[in-house]
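**Q** Okay, here's the structure, questions in a sec.
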Amino acid sequence: YRARERYQGGCQTLLAADPARQQLVQRVHRHGENQGPDHQRQERRKYPVAQRRQGENKPGADQDVQKLRRLASLGVEPGDRVALLLGNSPHFVIGYLATIGLGAVAVPLNPTSPAPELESELAVVGAKVIIVDKVSAVNWAHVDPALLPTIETVINTESTEGTVGFDDLVTSSDPLALVEVDTSHLAVLMFTSGTAGAPRAAMLTHGNLMANLDQSLSAEGHIDRDDVIFGVLPLFHIFGLNIVMTTGLAV
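Going by my numbering, the sequence shown opens with residue 3, and the numbers climb by one from there.
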């Protein structure tokens with residue numbers, strides 16, 4: 003407490019001795035009052051991240067996203083966990099936006115993770131649905147279903163016995179409206195890298211993701227719709243997910 007008092011006192015002394023710096027602080031303060039959080043939060047409150055990411059000029063992708071919201075027909079409801087065991091592909095993009103657009107929680111996972119790691123992470127989040135592709139299906143085949151009683155449906159980008167075909171689900175469903183959620187609604191459970199211990203599922207809300215997106219798009223010289231992004235980072239990493247993919251879709 004005393005250290006904080008000394009720090010605040012030193013800041014006040016510094017500002018008093020430098021009028022230019024004091025004016026700058028005042029301008030920043032006024033900008034904060036005008037730009038947020040009150041009226042911005044009110045404007046955004048009802049709009050999930052999926053709507054910000056679809057854009058206005060991508061009707062084809064928008065239709066696919068809306069169709070895959072037929073996840074609701076599989077019993078997926080707001081708050082349910084949908085694991086994305088997918089590589090960088092259109093399947094990931096559509097599956098992710100469809101999940102959070104439904105109000106469910108996306109759980110991006112490394113598609114090359116071994117079975118024991120998948121069993122541990124999926125058990126932690128309590129996934130209800132998992133989407134796999136050709137690569138991840140190899141390790142998924144070695145997962146013990148008895149250890150994951152919460153998983154009710156497996157969606158596969160390759161039609162196989164005992165799974166729901168990804169493309170079949172997309173083409174056989176009618177468009178659904180976006181589910182309105184608050185900015186505090188949980189959107190993603192993103193596992194940390196584990197460099198300082200066992201990986202943990204970090205909780206990211208729609209507000210968290212939108213703030214990160216707004217920050218990226220507020221930088222001078224940020225990308226626009228005429229730019230091409232060469233994204234090599236995995237989308238199951240937060241930078242690949244919310245900067246590379248999301249920023250590209252948002253502009």
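Each residue gets a CB set at the ideal place from its N, CA and C atoms; glycine is no exception.
Spell out the partners DSSP gives residue 188 in its beta bridges.
**A** Indexing the sequence shown from 1 puts residue 188 at position 186. DSSP, once it has assigned bridges, lists 207 as partnering residue 188.
**Q** Run the CB neighbour count on residue 116, radius 10 Å, all protein chains shown included, and call it buried at 16 or more, exposed below.
**A** Indexing the sequence shown from 1 puts residue 116 at position 114. Looking at its Cβ environment, which holds fewer than 16 other Cβ atoms inside 10 Å, residue 116 is exposed.
**Q** Which word fits residue 58, buried or exposed, when buried means at least 16 other C-beta atoms lie within 10 angstroms of its C-beta?
**A** Taking the sequence shown and counting its residues from 1, the one referred to as residue 58 is at position 56. Interpretation of residue 58 is limited by its pLDDT of 43, a score under 50 that renders its predicted location unreliable; the figure taken from the coordinates is listed afterwards. With fewer than 16 Cβ atoms within 10 Å of its Cβ, residue 58 is classed as exposed.
**Q** Of the choices 249, 194, 203 and 167, whose alpha-carbon is the least far from that of residue 218?
**A** On the sequence shown, position 216 is the one that residue 218 refers to. Residue 249 is the option with its Cα nearest to residue 218.
**Q** What whole-angstrom Cβ distance do residue 111 and residue 86 have, given they're in contact under 8 angstroms?
**A** The sequence position of residue 111 within the sequence shown is 109, counting from 1. The sequence position of residue 86 within the sequence shown is 84, counting from 1. That pair is a contact at about 7 angstroms.
**Q** Quick check on the burial criterion: 16 or more other C-beta atoms within 10 angstroms. Buried or exposed for residue 241?
**A** Position 239 of the sequence shown, counting from 1, holds the residue named residue 241. Label assigned to residue 241: exposed.
**Q** Do you know how far the Cα of residue 137 is from the Cα of residue 107?
**A** Counted from its first residue, the sequence shown places residue 107 at position 105. Counted from its first residue, the sequence shown places residue 137 at position 135. Taking the straight line from one Cα to the other gives about 23 angstroms.
**Q** Taking 9 angstroms as the cut-off, decide whether the C-beta atoms of residue 127 and residue 221 are in contact.
**A** Within the sequence shown, the letter at position 125 stands for residue 127. Within the sequence shown, the letter at position 219 stands for residue 221. No, these two residues do not count as a Cβ contact at 9 angstroms.
**Q** The beta strand (DSSP E) spanning residue 147 covers which residue range?
**A** Here residue 147 refers to the residue found at position 145 of the sequence shown. No beta strand (DSSP E) holds residue 147; DSSP gives it neither H nor E.
**Q** Could you name the residues that DSSP lists as bridge partners for residue 202?
**A** What you label residue 202 is simply residue 200 of the sequence shown in a count that begins at 1. In the DSSP output, where bridge partners are listed per residue, residue 202 has none listed.
**Q** Buried or exposed, going by whether 16 or more other CB atoms sit within 10 Å of the CB of residue 95?
**A** The residue labelled residue 95 in the question sits at position 93 within the sequence shown. Counting Cβ neighbours within 10 Å, residue 95 comes out buried, since at least 16 surround it.
**Q** Quick one: Cα of residue 17 to Cα of residue 156, how far?
**A** Sequence index remark: in the sequence shown, residue 17 carries index 15 (1-based). Sequence index remark: in the sequence shown, residue 156 carries index 154 (1-based). With a pLDDT of 49 at residue 17, under the threshold of 50, the modelled position of this residue cannot be trusted, and the question is left open.
**Q** Using a Cβ distance threshold of 8 angstroms, determine whether the region 162 to 171 contacts the region 183 to 196, with at least three qualifying pairs required.
**A** Flag = no, the region 162 to 171 and the region 183 to 196 do not touch.
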